[in-house]
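Counting from 1, position 10 in the sequence shown corresponds to residue 45 in my numbering; the numbering is continuous, with no gaps.
Beta carbons: idealized from backbone N, C-alpha and C, even for Gly.
Computed from a predicted structure; not experimentally measured.
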Amino acid sequence: MIKFLLISFFVMMFNVQAYAFELLMFNNKHCIYCKKFLKEVGLEYNISNLPLIIIDDNNQPKWFDTAYKEKRIKPLRATPVFIVWNEFEKYEVDRIIGYGDKDRFYNQLNEIFVKFLNQSDLNS
């Protein structure tokens with residue numbers, strides 16, 4: 036019986052999706068659209084399978100330069116930019132450029148979930 040339980044446990048553990056996704060927001064403290072996003076969405080954002088990571092555009096981490104040189108992430112041309120990042124395989128899945136309003140942002144994010152992450156919607 037113990038052997039059966041252990042085997043069942045390991046089968047369940049290895050069937051869990053091994054990908055970890057993050058939503059990287061490249062922010063600039065002078066950007067009015069970045070401030071608008073942080074006010075309207077940032078404080079209440081709570082999607083556990085896509086945590087929000089805010090990165091200062093003027094102080095990008097070293098891994099970003101490496102990923103850019105290796106063509107695993109596209110260049111940044113403006114802020115805000117929201118990049119869905121595959122943390123497990125270290126590459127950009129998709130991005131949202133700019134911020135208009137809360138509804139539009141969540142609709143765009145939902146399209147990415149459906150298209151790339153094989154999720155039916157953000158609440159999955």
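Query - Neighbourhood of lysine 137 by C-beta, 8 Å cutoff - its chain only, sequence neighbours within 5 removed - result: On the sequence shown, residue 137 is found 102 positions in, with the first residue counted as 1. Taken in chain order, the residues that qualify are Glu75 and Val76.
Query raised in the report: Nearest CA to the CA of methionine 60: which residue from Val149, Gly133 and Lys150?
Result: Taking the first residue of the sequence shown as position 1, residue 60 is located at position 25. Taking only the C-alpha atoms, the option nearest methionine 60 is Gly133.
Report task. Compute the distance between the beta-carbons of aspartate 129 and valine 119, then report whether it is under 8 Å. Result -> To locate residue 129, count along the sequence shown from 1; it is residue 94. To locate residue 119, count along the sequence shown from 1; it is residue 84. A Cβ-Cβ contact shorter than 8 Å links aspartate 129 with valine 119.
**Report entry** Limits of the alpha helix (DSSP H) - the one that glutamate 146 falls within
**Finding:** Numbered from its first residue, the sequence shown carries residue 146 at position 111. Start and end: 137-151.
Query raised in the report: With leucine 87 and leucine 58 assumed to form a contact (beta carbons below 8 Å), what rounded beta-carbon distance in angstroms separates them?
Result: Reading the sequence shown from its first residue, position 52 is the one you call residue 87. Reading the sequence shown from its first residue, position 23 is the one you call residue 58. Leucine 87 to leucine 58, Cβ: 5 Å. Contact.
Query raised in the report: Which residues does DSSP pair with arginine 112 in a beta bridge?
Result: In the sequence shown, the residue the question calls residue 112 occupies position 77. Under DSSP, arginine 112 forms no beta bridge with any residue.
Query - N- and C-terminal bounds of the beta strand (DSSP E) containing tyrosine 126 - result: Translated into the one-based positions of the sequence shown, residue 126 becomes position 91. Counting along the chain, the beta strand (DSSP E) containing tyrosine 126 begins and ends at 126-132.
Query raised in the report: What residue does the beta strand (DSSP E) around phenylalanine 56 start on, and which one ends it?
Result: Taking the first residue of the sequence shown as position 1, residue 56 is located at position 21. Where phenylalanine 56 is concerned, the enclosing beta strand (DSSP E) starts and stops at 56-62.
**Report entry** Three-state class that DSSP yields for lysine 106 in the structure shown
**Finding:** Indexing the sequence shown from 1 puts residue 106 at position 71. Here lysine 106 sits in coil by DSSP.
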